[in-house]
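Just below is one structure, and these are the notes that go with it.
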Amino acid sequence: MTLISNHLPTAELQALDAAHHLHPFTDGNALAAKGARVITKASGVTLTDSEGREMLDAMAGLWCVNIGYGREELAAAAAAQMRQLPFYNTFFQTTHVPAISLAKQLADLAPGDLNHVFFASSGSEANDTNIRLVRHYWAALGKPEKTVIISRQNAYHGSSMGSGSLSGMSAMHAQGGLPIPDIAHIGQPYWYGEGGDMDPDEFGLMRARELEEKIAELGENRVAAFIAEPIQGAGGVIIPPETYWPELQRICDAHEILLIADEVICGFGRTGNWFGSQSLNIRPDIITIAKGVTSGYVPLGASIVSDSIAEVLNGAGDFNHGYTYSGHPVGCAVALENLRIITEEGILDHVRDVAAPHLAQRWGALADHPMVGEARSLGMFASLALSPDKSARAPFGDGGAVAMKCREACFNNGLVMRAVGDRMIISPPLCITTAEIDTLADRALVAIDIAHGWAKSEGLMAAG
Ligand code: PXG
């Protein structure tokens, strides 16, 4: 069976899309003028569009298709669960086997004593759960004034009112009345862009200590939690200096606040361990998961909390929170099958021993390009910074136009790579082979060359 054998011509699909479909984070008129790219099928690491063009998907969908596209086992798990029990809720003192099994499996995989799972359907929902949960937790302990959650500028934690408030993106806060009360932000550990003359380690310490300063400013009695991605994804794949997380951990330990690690992107193998917290030696009290837990095949998110948090919650009466699809049986069944595949196929070993070292070598070599200021990777995350004057780590200051040119050149050359400001970022499926990594790096270099040619012709490169 071909997936869509006789769809309408691309132009008609694009016109219908423009007429009826409002896209996330998109300028609707600009998209309508251009026509959306129509993806029709995918297999392994390769997407096919409505014109039959193939592209290597170096973004794993949206940081989520960890085991790659087209795995029949996940389709079969979903179909079998739909036949057995397509839906039942987990409210009103009820449960079902897929939710029980996945909660147990996640408790086994999660670091430390994070043994208790509150299900949602997305990362945004799970982070909204976290906001309510940590405030309820402190109230139950007789400290209702501990309500402030500290996050970071340029963090991404979702797009709902709560999770969008945790996100530290000014363009999001400019619309729709965000942030909600009692959310604070500190600086990000982005040495390349913001470190100036400091060395990276010194800068990492400085940015971590902003947490301690913010706690002092607000009063420890007011602060409920600190939330951070182990490695910022949507913010530009920002790999923090080595001093950063140990110092944050020290500060969280020294003060009475909870540490929430948002593992929505880092989780399920991207850093070479089940969780980014394990790769970066972080001891969170709560982790947020979504995306890779099902390899994106169906929506599922969750908050996983420690024994001591669960004990307080369970002893505090009703927690007045939940979603229709909390613990959706089909989502849980697909997640269980996905986790089985990651385990039995040794995907974490593949990342650690094969894919990540090869990516590091091929991606790192892009730093030799005259327009690339840095090119770094960790696990199956990588980013590079485009610069008109790499010795000065100078930004283009063009609103990301060169990076958008590069992104366009990638699409035209069979590669999906994302642009964030001056940065080009990737997070390919974890199952990617070394030959596919070679193709990825070759195509990325072609695109950087094309963008470089354009930047020169526009007079955007520094003289000399
Ligand atoms: N936390 C993190 C760390 C994320 O990356 C969310 C929470 C929210 O998850 P949901 O499932 O509600 O989308 C995310 C999502 C991008 C991009 O442009 C990144 C995400 C979502 C959409 C776009 O890189 N990350």
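Numbered by the numbering used here, the letters in the sequence shown go through residues 68 to 531 in order. By construction, the Cβ of each residue, glycine as well, lies at the ideal position given by its N, Cα and C atoms. In this text the structure is predicted, and so the values were computed from the model without any measurement.
GLY111 carries a strand assignment under DSSP once its states are collapsed to helix, strand and coil. A direct Cα-Cα distance of roughly 17 Å separates ILE298 from VAL360.
For ALA432, the number of other beta carbons within 10 angstroms of its own is below 16, and it is reported as exposed. Not one heavy atom of the ligand PXG is found less than 6 Å from the C-beta of ILE298. C-alpha of ILE414 to C-alpha of CYS477: approximately 27 Å in a straight line. With contacts defined by Cβ atoms closer than 7 Å, VAL418 and GLY446 form a contacting pair. Closest option to LEU315, judged by alpha-carbon separation, among TYR390, ALA238, GLY262 and SER218: SER218. For the options GLN255, GLY254, PRO256 and GLY235, the alpha carbon positioned closest to that of PRO246 is the one of GLY235. Using a Cβ distance threshold of 7 Å, ILE504 and HIS436 do not count as a contacting pair. Residue pairing from DSSP places ILE492 in a beta bridge opposite SER450 and ARG485. Runs of the beta strand (DSSP E) lying entirely within the region 411 to 445 and spanning at least 3 residues, in chain order: 439 to 445. When DSSP reads this structure, GLN299 sits in a beta bridge with ILE305.
Just so you know, the alpha carbons of ILE134 and SER494 end up roughly 12 Å apart. DSSP assignment within the region 234 to 306 yields the following whole alpha helix (DSSP H) runs of 4 residues or more, N-terminal first: 237 to 240, 258 to 261 and 267 to 285. Using a Cβ distance threshold of 7 Å, LEU406 and ALA125 do not count as a contacting pair. Between the alpha carbons of HIS395 and LEU453 lies a distance of about 43 Å.
At a cut-off of 6 Å, the beta-carbon of ASP329 counts as near the ligand PXG: some heavy atom of the ligand is closer than that.
The shortest CA-to-CA distance from SER524 to any of LEU169, LYS213, SER191 and LYS472 is the one to LYS472.
Note on the region 165 to 238: whole alpha helix (DSSP H) runs with a minimum of 4 residues are 190 to 207 and 228 to 233, in chain order.
When ILE106, VAL105 and ALA85 are compared, the shortest CA-CA separation from ASN96 is found for ALA85.
Excluding five sequence positions before and after LEU80, the CB atoms of its chain that fall closer than 7 Å to its own CB belong to HIS74, VAL105 and SER117, given in chain order.
Relative to the ligand PXG, the nearest heavy atom lies less than 6 Å away from the CB of ILE332. Assignment of VAL372 by DSSP, reduced to helix, strand and coil, places it in the strand class. Remark: the C-beta of TYR155 is outside contact range of the ligand PXG, defined as less than 6 Å to any heavy atom. ARG289 places its beta carbon less than 7 Å from that of VAL215. If you draw a 10 Å sphere on the C-beta of MET149, you find fewer than 16 other C-beta atoms in it, and that means exposed.
Looking at the backbone, the Cα of VAL379 and that of ASP385 are separated by about 12 Å.
Within the model, the alpha-carbon separation for PHE463 versus ALA511 is close to 19 Å. The secondary-structure analysis by DSSP pairs ILE327 across a beta bridge with ILE294 and ILE353.
Closest option to ASP352, judged by alpha-carbon separation, among ASP416, GLY209 and PHE293: PHE293.
For the ligand PXG, no non-hydrogen atom lies closer than 6 Å to the CB of ALA486. Inter-segment contact for the region 183 to 199 and the region 258 to 278 is absent: fewer than three beta-carbon pairs are separated by less than 8 Å. In the three-state DSSP reduction, ASP124 falls in the strand class (E or B). A distance criterion of 6 Å places the beta-carbon of TYR223 in contact range of the ligand PXG, judged by its closest non-hydrogen atom.
DSSP, read as helix, strand or coil, puts TYR311 in helix.
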